[in-house]
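**Student:**
2 protein chains.
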Amino acid sequence: MTSTRQAPRLLTRSAGTPLWAQLLADLRERLVTGEFVDAFPGELALVQEYGVSRHTVREALRHLRTEGTVTAARGRKPRLGPAEIEQPLGALGSLFAAVESAGIEQRSVVRALDIRQDGTVATRMLLEESTPLVYLERVRLAGDEPLALDRVWLPADIARPLLDVDFTHTALYTELLVHCGLRLTGGREQVRAVLPTRGERALLHVPPTAALLAVERTGCLHGRPVEHRHTLVRGDRFAVTAQYNGREIALSAGHAGARGPAPERSRS
Amino acid sequence: MTSTRQAPRLLTRSAGTPLWAQLLADLRERLVTGEFVDAFPGELALVQEYGVSRHTVREALRHLRTEGTVTAARGRKPRLGPAEIEQPLGALGSLFAAVESAGIEQRSVVRALDIRQDGTVATRMLLEESTPLVYLERVRLAGDEPLALDRVWLPADIARPLLDVDFTHTALYTELLVHCGLRLTGGREQVRAVLPTRGERALLHVPPTAALLAVERTGCLHGRPVEHRHTLVRGDRFAVTAQYNGREIALSAGHAGARGPAPERSRS
DNA sequence: GACCGGCGATTGTCCGTACATTAGTCTCGT
DNA sequence: ACGAGACTAATGTACGGACAATCGCCGGTC
Numbered sequence: 006m007t008s009t010r011q012a013p014r015l016l017t018r019s020a021g022t023p024l025w026a027q028l029l030a031d032l033r034e035r036l037v038t039g040e041f042v043d044a045f046p047g048e049l050a051l052v053q054e055y056g057v058s059r060h061t062v063r064e065a066l067r068h069l070r071t072e073g074t075v076t077a078a079r080g081r082k083p084r085l086g087p088a089e090i091e092q093p094l095g096a097l098g099s100l101f102a103a104v105e106s107a108g109i110e111q112r113s114v115v116r117a118l119d120i121r122q123d124g125t126v127a128t129r130m131l132l133e134e135s136t137p138l139v140y141l142e143r144v145r146l147a148g149d150e151p152l153a154l155d156r157v158w159l160p161a162d163i164a165r166p167l168l169d170v171d172f173t174h175t176a177l178y179t180e181l182l183v184h185c186g187l188r189l190t191g192g193r194e195q196v197r198a199v200l201p202t203r204g205e206r207a208l209l210h211v212p213p214t215a216a217l218l219a220v221e222r223t224g225c226l227h228g229r230p231v232e233h234r235h236t237l238v239r240g241d242r243f244a245v246t247a248q249y250n251g252r253e254i255a256l257s258a259g260h261a262g263a264r265g266p267a268p269e270r271s272r273s
Numbered sequence: 006m007t008s009t010r011q012a013p014r015l016l017t018r019s020a021g022t023p024l025w026a027q028l029l030a031d032l033r034e035r036l037v038t039g040e041f042v043d044a045f046p047g048e049l050a051l052v053q054e055y056g057v058s059r060h061t062v063r064e065a066l067r068h069l070r071t072e073g074t075v076t077a078a079r080g081r082k083p084r085l086g087p088a089e090i091e092q093p094l095g096a097l098g099s100l101f102a103a104v105e106s107a108g109i110e111q112r113s114v115v116r117a118l119d120i121r122q123d124g125t126v127a128t129r130m131l132l133e134e135s136t137p138l139v140y141l142e143r144v145r146l147a148g149d150e151p152l153a154l155d156r157v158w159l160p161a162d163i164a165r166p167l168l169d170v171d172f173t174h175t176a177l178y179t180e181l182l183v184h185c186g187l188r189l190t191g192g193r194e195q196v197r198a199v200l201p202t203r204g205e206r207a208l209l210h211v212p213p214t215a216a217l218l219a220v221e222r223t224g225c226l227h228g229r230p231v232e233h234r235h236t237l238v239r240g241d242r243f244a245v246t247a248q249y250n251g252r253e254i255a256l257s258a259g260h261a262g263a264r265g266p267a268p269e270r271s272r273s
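So, in structure tokens, the structure goes:
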């Protein structure tokens, strides 16, 4: 008992479950305890601590690493959390990314940027009804055509710096990162079909016979909701697409068939 | 040159890329050639063929296995394709699954089941315009309420057995598996917002002020399109939801807010 | 012909070792 | 004080061996 701990932690060598699985389970337990919040042990440390070979340790760690629970790389100390924090896009983000990559200039008309209270929205973000919220309302233009009506609420205590930002040309997520140090880690999106109100029809320049896609999005930071968004997209020009191979799903968004809803619809 | 081939296939031992990556790339090439359609080599065979250790082979195979490209298990010979063929659900499948799991009885009214030609649909399935297609049109009911109008096209050469099936209570995928031995392995779904035509309004019992979700789906079997589906869902009662954590996306579908589109919409 | 057992093939698990590569740190010299 | 370089620590890559568990097949027996 010279240095660390060398009592082999509870690994039953002749149980039905493989050693690496027991090790993985034990690490999971210790993870939720918060034992590793500031330092995750390296492979060799685990080898000594559990008395198994590095191969076994790596087999267990492989799961945690592909999961994104811990991160490893040559030379670096192991850390918690995924290596590259990818901004979750969802249908909404990929829609604007698609417009961007098509070479179309994007612009926004800011219709409101202030602090409000909204019980309904606050409730959906699991906040007190009276919580002050930063409210941003924009009409997003692709080229000259209105593309979407975008409304965002964020808790004022973290998003207050955004009040001074000019949102006509920048994306919210960029500003959120720059001014508030926030980077969303997850979220939830719900897509519905709705009819525009008269005011929305005017804002989006849509004919009265058009349907809209209503995307309601809640962005989360480590599970805590920090953004609620309600976006109306011209459903006649854009669509949400999901592509899957039985194992993975990829969301994207882009032009809906430009030739109208669908040729075969006229038949019934 | 006694048995198999023992010329070490082109693995540059001092290239920048790891050995297992080269091996993986080479296997991928040989896979698309169709070389392994009826037999994928075992680990030891690859060890001999490429002249690397089993560890390296396993590292390369690990990717193909987690991908689902090949399947391995103790005792069994390695095979192509994923171990358990999961029926890809997408928004559509999960919608009906959600209704089912809510304990609501599902029923369908079959409006058409025959063989047709449709150039537009055939083109989208990458088939000849004149290809005969099995056509199935149903109104799907959840309880007593119409839920969706569902139109499916399948190539007649593989789907002809379906002409004798009674589709009022069974799911298409079940029958496709039972009668045709087909199980979809991937697909693509596109969701748009549309307005119903008068006929569709009557079929679905929707008020003239409602918008619909138009889901267009192409189901694939090993990359080849074998199903084209066009479904109109009452958008006032159901929505598509995507939940993601930056790494994985989960699609689901269910009731849209029953209290109307969204409370905050009335404000603008 | 049907059932049962043995046997080989194949992958899963586990151990050991060695060296390469990289990031961060620490020291040393200027 | 500051920069360059050496050093350490950590993972990545790659090799080797051994045994266990399982499936499928073949054959023998009843």
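Line by line, the protein sequences are chains A and F. Residues in the first sequence are numbered from 6 upward in steps of one, following the numbering used here. Residues in the second sequence are numbered from 6 upward in steps of one, following the numbering used here. For every residue, glycine included, the Cβ atom is placed at its ideal position computed from N, Cα and C.
Tell me, please, whether the segment 105–121 of chain A touches the segment 137–149 of chain A by the rule of three or more beta-carbon pairs shorter than 8 Å.
**Tutor:** Taking 8 Å as the limit for Cβ pairs, the verdict is that the segment 137–149 of chain A does touch the segment 105–121 of chain A.
**Student:** Measure the CB-CB distance between A216 (chain A) and V199 (chain F) and report whether it falls below 8 Å.
**Tutor:** Yes. Within cutoff.
**Student:** Is R193 (chain F) close to chain A? Criterion is C-beta to C-beta, closer than 8 Å.
**Tutor:** Yes, R193 (chain F) lies at the interface with chain A (some Cβ there is under 8 Å from its Cβ).
**Student:** Applying a beta-carbon distance threshold of less than 7 Å, which residues of chain A neighbour I254 (chain F)?
**Tutor:** Here the neighbours are I254, L256.
**Student:** Taking beta-carbon pairs under 7 Å, can you tell me which members of the segment 167–200 of chain F lie near chain A?
**Tutor:** Within the segment 167–200 of chain F, the qualifying residues are T190, G191, G192, R193, E194, Q195, V196, R197, A198, V199, L200.
**Student:** Can you list the residues of chain A that Q275 (chain F) reaches, using a CB-CB cut of under 7 Å?
**Tutor:** Since the displayed chain F opens at 6 and closes at 273, residue 275 (chain F) lies outside it and no answer follows.
**Student:** Check for me: the alpha helix (DSSP H) holding S106 (chain F) runs from which residue to which?
**Tutor:** That run of the alpha helix (DSSP H) goes 95–106.
**Student:** Between the alpha carbons of T179 (chain F) and V231 (chain F), how many angstroms are there, rounded?
**Tutor:** Taking the straight line joining both Cα atoms gives about 15 Å.
**Student:** How many Å lie between G319 (chain F) and L218 (chain A) at the Cα?
**Tutor:** In this structure chain F extends from 6 to 273, so residue 319 (chain F) is not present and cannot be described.
**Student:** In the DSSP assignment, the alpha helix (DSSP H) including H210 (chain A) goes from what residue to what residue?
**Tutor:** Where H210 (chain A) is concerned, there is no enclosing alpha helix (DSSP H), given that its DSSP letter is neither H nor E.
**Student:** Within 8 Å of any Cβ in chain A, is that where the Cβ of A244 (chain F) sits?
**Tutor:** Cβ-Cβ to chain A under 8 Å: yes for A244 (chain F).
**Student:** Taking 8 Å as the threshold (C-beta atoms), are A161 (chain F) and V139 (chain F) in contact?
**Tutor:** The answer is yes: Cβ separation under 8 Å.
**Student:** Could you tell me which residues DSSP puts in a beta bridge with C225 (chain A)?
**Tutor:** Answer is A:G191, A:P230.
**Student:** Considering A65 (chain F), what are the terminal residues of the alpha helix (DSSP H) in which it resides?
**Tutor:** Where A65 (chain F) is concerned, the enclosing alpha helix (DSSP H) stretches over 59–72.
**Student:** Looking only at its own chain, which residues have a Cβ that is under 8 Å from the Cβ of A176 (chain A), when we skip the five neighbours before and after it?
**Tutor:** Same-chain partners within the cutoff: F101.
**Student:** Please report the straight-line C-alpha distance between E48 (chain F) and Q248 (chain F), rounded to a whole angstrom.
**Tutor:** If you take the alpha carbons of E48 (chain F) and Q248 (chain F), they lie about 38 Å apart.
**Student:** Helix, strand or coil for P137 (chain A) per DSSP?
**Tutor:** Three-state DSSP puts P137 (chain A) in a strand.
**Student:** Determine the DSSP secondary structure at I120 (chain A), reduced to helix, strand or coil.
**Tutor:** Looking at I120 (chain A) - three-state DSSP - the assignment turns out to be strand.
**Student:** Using a beta-carbon distance cut-off of less than 9 Å, what residues from the segment 205–219 of chain A approach chain F?
**Tutor:** Residues E205, L208, T214, A215, A216, L217, L218, A219.
**Student:** Could you confirm whether any beta carbon from chain A is found closer than 8 Å to the beta carbon of A96 (chain F)?
**Tutor:** Cβ-Cβ to chain A under 8 Å: yes for A96 (chain F).
**Student:** Are the segment 201–210 of chain F and the segment 220–236 of chain F touching by the rule of at least three beta carbon pairs closer than 8 Å?
**Tutor:** Because the criterion of three Cβ pairs below 8 Å is not met, the segment 201–210 of chain F and the segment 220–236 of chain F do not touch.
**Student:** For T236 (chain F), does the three-state DSSP call read helix, strand or coil?
**Tutor:** Strand at T236 (chain F).
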